[in-house]
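The numbers in the working numbering rise by one with no breaks, and the one at position 99 of the sequence shown is 167.
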Amino acid sequence: MANFFEAASHFDLDPAPLTTKISEDKYLSRSDGDGMTLLHYAAREGHTEAVRMLLEAGVSLEQQDRDGRTPLHLACMMCQKGMTRGDGHVFIIDILQSNHAMTSTQDNYGYRPMAYLPAGVKALGINTPSVDGTGARW
């Protein structure tokens, strides 16, 4: 693949490049010019298995891109059918939360990850609100 980050964003087409990067343990936390890591790309594109593999390799859950967004923010934002290459966003949100991803991190626009979820997903009760000491809010 021509681009380092395509290993995660195009995982559905060919998982080998990401598998190789993980086995070589090279630059897994590297970020692009927008501050996005392999985990950001995998979460944004809905590639559940890629997210699992990266987490098992020990990548950071909390690295923020230039907009202050974590991989959890991106998975929540893209949790609408047909927006990305994959469709595992709800599962990715669950995986990230199970691995203790912070739900209280605000991006540069003042939004927490769960604020980006579509109403239909919030209604499923799959996620939890963030708590900041003054109460729970999405």
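The beta-carbon is built from N, C-alpha and C at its ideal position, and this holds for glycine as well.
(1) Rounded to the nearest angstrom, how far is the Cβ of T171 from that of Q131, given a contact under 8 angstroms?
(2) When you compare only the Cα positions, how much space is there between M69 and R98?
(3) Assuming K89 and A75 form a contact by the criterion Cβ under 8 angstroms, report the distance between their Cβ atoms to the nearest whole angstrom.
(4) So H141 is in the alpha helix (DSSP H); what residue range does that whole segment cover?
(5) In or out: G17 buried (at least 16 other Cβ within 10 Å) or exposed?
(6) Around the C-beta of A183, are 16 or more other C-beta atoms found within 10 angstroms, so that it is buried, or is it exposed?
(7) Can you say whether L81 is buried or exposed, counting buried as having 16 or more other CB atoms within 10 angstroms of its CB?
(8) Please say whether F79 and A111 have beta carbons closer to each other than 8 angstroms?
(9) Applying the 10 Å Cβ sphere with the 16-neighbour rule, what's the burial state of A143?
(10) Helix or strand or just coil, what does DSSP make of S198?
(11) Would you identify the three-state DSSP class for E130, choosing helix, strand or coil?
In short, the structure shows the following:
(1) Not really, about 16 angstroms apart at Cβ, beyond 8 angstroms.
(2) A caution first: M69 carries a pLDDT of 39, below 50, which makes its placement in the model unreliable, though a value can still be read off. If you take the alpha carbons of M69 and R98, they lie about 16 angstroms apart.
(3) 6 angstroms
(4) 139-145
(5) Nothing about residue 17 can be read from this structure; the chain reaches only from 69 to 206.
(6) buried
(7) exposed
(8) no
(9) buried
(10) Reliability of the predicted coordinates at S198 is poor, the pLDDT of 48 falling under 50, and the value obtained from them is presented with this limitation in mind. If DSSP states are grouped into helix, strand and coil, S198 belongs with the strands.
(11) coil
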